[in-house]
Amino acid sequence: MKVLIIEDELKTGRELKTIAEGIDPAIEVLEILPSVEMALDWFKENAPPDLIFSDIQLADGLSFSIFESVDVRAPIIFCTAYDDYALRAFDANGIDYLLKPVDELKLRQSLDKYSRLQSLLSGPGGDYQKKLESMLLQMKQKHKNTLLVHFREKIIPLKTADIAFIHYANGIISVYMRAGQEHYLTHSLDELEGMLDPVQFFRANRQFIINRESVKSIEHYFSRRLIVWLHSKTPENIVISKSRSSEFLQWITM
């Protein structure tokens, strides 16, 4: 498997290379590129890799500018010190988003995810690359980045990345923003669950849909249930049932 690393901290790039090659001897790291400019030049002169590890904030700009300028079709695992770019990362062929420092466990889980994706797409029914592109395109088209709220004579666009959680009570759907505002929607929770990216949002129960970035802590509760605490204040406790606890914990560690 041919892997490209885009990382402006040479020590971090070498550590990532060492860990990846230790996990899977089949990995061949083609290059460690420290800048947007060098990455753009590399893609012009070389065949695409099978997989890319990429930091986001490079010395000469964001790595997203690389993938917007060059037709990069390989899956990307983003490795960054910042958690502000998750949604944008998944719009750029991202299949995983790791926060630094990246250790062997995190990287192994990401490579396992890549392997599962590869197995899924390498089956009968056509070219792997075409199926990957089709799947990524469907993911981008399916999930909304913006919801529209009607307020009096105005229509207010809400960026889904800015939503802390959505709450249902007494027939009313309330959207609570990370900055503290509250808005109301006419969609049902079921409809919203289908509209929002399942990588970023989780249907906790009949009352809540929560944003991954809003989760502050998780506590064990009675009867093997979980209570989820958010950075934002919630109208009631968010309780995950016993039957969904494992699914939630898998989601939060994706």
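When we follow the working numbering, the leftmost residue of the sequence shown carries the number 1, and every step to the right adds one. Here a beta-carbon is modelled for each residue, glycine too, at the ideal position from N, C-alpha and C. No experiment lies behind these values; they were computed from the predicted model shown.
- Taking a C-beta distance under 8 Å as the contact criterion, A164 and L230 qualify as a contact pair.
- DSSP places A89 in the helix class (H, G or I) of the three-state scheme.
- The Cβ-Cβ distance between A74 and S35 does not fall below 8 Å.
- In the DSSP annotation of this structure, S243 is not part of any beta strand (DSSP E); the continuous alpha helix (DSSP H) holding it starts and ends at K242 to I252.
- Take the alpha-carbon of K154 and the one of G171: they are about 23 Å apart.
- When C-beta atoms of the region 61 to 71 are compared with those of the region 24 to 31, fewer than three pairs fall below 8 Å, so the two segments do not count as touching.
- Annotation: L185 to V228 spans about 23 Å, alpha carbon to alpha carbon.
- For Q57, the beta-bridge partners assigned by DSSP are L62.
- In the three-state reduction of the DSSP assignment, V29 falls in the strand class, which pools E and B.
- Per DSSP, reduced to three states, the secondary structure at Y97 is strand.
- Residue environment analysis places Q57 among the exposed positions, since fewer than 16 neighbouring C-beta atoms fall within 10 angstroms of its C-beta.
- The three-state reading of DSSP puts V36 in helix, counting H, G and I together.
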